[in-house]
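**Student:** Before I ask anything, here is the structure I am working with.
Residue numbers (full-length UniProt numbering): 1 to 161.
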């Protein structure tokens, strides 16, 4: 996501009709430690991918999906959130994803491109990083059952979203 020329080469070679943009630095805490990297991958990386599609002349052929995040809503103003709920990002990750959200809207409107954002809320996967609470708990329980660990250790229990 950080190399425009490679993205253009890939798009030229593959000639996709659908692109599911799932690439991101997705850890909120890491975004505070590495805000520039987070912006480079999540915000500018989305722009690079859209621009590669445009540069290859595929804006009318490609259907583009960008995986966004409920972190856009940040400081919750209403429950439940809706498509009309204002964004209030509270981390470098959320701000980068907000840029990605709006650049997708911009490419859709500027180039009549099929480009959409999906605002994803918490979800689980076997590939989810071990620093996320659900993975910490499940790994710890497994280790406890095998006699390899005595207790479950978690981080900040006062964290709110």
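Note that the Cβ used here is the ideal one computed from N, Cα and C, for glycine as well. Please read all numbers here as calculations on a predicted model, not as lab measurements.
1) Taking only runs that begin and end inside the segment 19 to 63, name each unbroken alpha helix (DSSP H) of 4 or more residues, in chain order.
2) If you count every other CB in all the chains shown that lies within 10 Å of the CB of residue 20, and 16 or more means buried, which is it?
3) Is the segment 143 to 158 touching the segment 86 to 100 in the sense that three or more CB pairs, one from each, lie closer than 8 Å?
4) Could you check whether the segment 16 to 30 touches the segment 63 to 78, counting it as contact only if at least three pairs of C-beta atoms, one from each stretch, sit closer than 8 Å?
5) With distance defined between alpha-carbon atoms, name the residue in 136, 12 and 31 nearest to residue 50.
6) Look up residue 132 in the DSSP assignment and give the residues it is bridged to.
**Tutor:** Judging by the given coordinates:
1) Runs of the alpha helix (DSSP H) inside the segment 19 to 63: 28 to 33, 35 to 38 and 45 to 55.
2) Indexing the chain shown from 1 puts residue 20 at position 20. Exposed, by the Cβ-count rule.
3) For the pair of segments examined, the segment 86 to 100 was found not to touch the segment 143 to 158: the number of CB pairs separated by less than 8 Å stays below three.
4) At 8 Å Cβ cutoff, the stretches touch.
5) Position 50 of the chain shown, counted from the first residue, corresponds to residue 50. Looking only at 136, 12 and 31, the smallest Cα-Cα distance to residue 50 is reached by 12.
6) If you number the chain shown from 1, residue 132 lands on position 132. As DSSP reads the structure, residue 132 sits in no beta bridge.
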